[in-house]
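The opening residue of the sequence shown carries number 1 in UniProt numbering; numbering runs sequentially from there.
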Amino acid sequence: MFALARLSVVGFVVLTIVYICLSLYSRSKRRDKLEAEWDREGMSGDRDAFIEQGLQDYDGSLRRKLIWGVYIIPVTIVIALIYFMNFH
């Protein structure tokens, strides 16, 4: 039982680090795309406001929600492995 608790704690810490890095990377890429779109289309107005609005839209996007798969997929695989190795 102690091994399972240790696996859970270490796994959670590792997955949290991966999640944070992936979130920061994805948000950075979105910011780069918004900046490139602004430059390419030669828009007028406040550039920072355009980028902030784009990032707010990104926060509610499907891609942002799919990043939660970092937690869901590995945990599901580990649970399935434990179940099939012990009960089948």
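All C-beta atoms in this analysis are idealised placements derived from N, C-alpha and C, irrespective of residue type, glycine included.
Count the other C-beta atoms from every protein chain shown that fall within 10 angstroms of the C-beta of residue i, then say buried if there are 16 or more, exposed otherwise.
i	result
Leu34	buried
Val10	exposed
Arg47	exposed
How is the alpha helix (DSSP H) around residue i delimited, first residue to last?
i	result
Gly42	Run containing Gly42: none; DSSP gives neither H nor E here.
Met85	69–87
According to the Cβ coordinates, are residue i and residue j closer than 8 Å?
i	j	result
Val70	Leu22	yes
Tyr58	Arg30	yes
Ile67	Ser26	yes
Pairing CB atoms from the region 6–25 with CB atoms from the region 67–83, are three or more of them under 8 Å? Segments in contact, yes.
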